[in-house]
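Worksheet for the structure shown next.
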Amino acid sequence: MSFIILTLDKYLKPTTNSLVRFLLVGIVNTIIGLTFMFFLLNVVGSSYWTSTFAGNAIGACVSFLLNRTFTFKSNVSFHRGLPRFFALLFICYFSAYFCSEKLVELASQFVLLSTSIKESVSVLLGSSLYTIANYLGQKYFVFKNLKTA
0 MSFIILTLDK YLKPTTNSLV RFLLVGIVNT IIGLTFMFFL LNVVGSSYWT STFAGNAIGA
60 CVSFLLNRTF TFKSNVSFHR GLPRFFALLF ICYFSAYFCS EKLVELASQF VLLSTSIKES
120 VSVLLGSSLY TIANYLGQKY FVFKNLKTA
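Residue 148 is where the sequence shown ends in numbering that gives the first Met the number 0, and the numbering goes up by one at each step.
Given below as structure tokens:
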């Protein structure tokens, strides 16, 4: 993990926007999570649900570590940060995808869309809402540095 952080730090200016860093971490944890999923699914022979759950769990752990140290350079303890991080993921996931589904349903009253198009638009909108809410939650709730006296 330190290798990834050092490599990212080497190629990015220290003043790089935390949103850019957050998006880069998202790319890294997606690659790691997907690699793990496909390894379990195709090499180990694990089930779809086991593979996707484990891959997403690994991706979430990578995300926590990289966002804590690289994106937000936080001094928040694991004891305080981990429960907040996983609660945030849960809240962002369900609220973003619920809202996106309802917004697309509302919009489809005015525009004729097939079910597959509605689902695809909902997924794209939901992932955008999820990313924005997750970034703000991690920045201002999970990894907000404690002020020391």
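Glycine included, C-beta positions come from ideal geometry on N, C-alpha and C. From a predicted model like this one, the values you see are computed outputs, not experimental measurements.
In this structure, the CA atom of Gly-32 is about 10 Å from the CA atom of Cys-60. Our two residues, Glu-100 and Glu-118, have alpha carbons roughly 8 Å apart in a direct line. Out of Tyr-92, Leu-124 and Ser-115, the CA that lies nearest to the CA of Leu-102 is found in Leu-124. Going by beta carbons, Ala-95 and Ala-53 fall outside the 7 Å limit. Setting aside the 5 residues that flank it on each side, Gly-25 is surrounded in the same chain by Ser-62 and Thr-130, each with a C-beta closer than 8 Å to its C-beta; the list follows chain order. Only residues of its own chain outside the window of five on either side were considered, and among them Tyr-129, Ala-132, Asn-133 and Gly-136 have a CB closer than 7 Å to the CB of Cys-91, listed in chain order.
Nearest C-alpha to Phe-37 among Gly-58, Arg-20 and Leu-22: Gly-58. Annotated three-state conformation of Asn-66 is helix, per DSSP. Taking the Cα of Phe-2 as reference, the smallest distance to any Cα among Arg-20, Leu-65 and Val-43 is reached at Leu-65.
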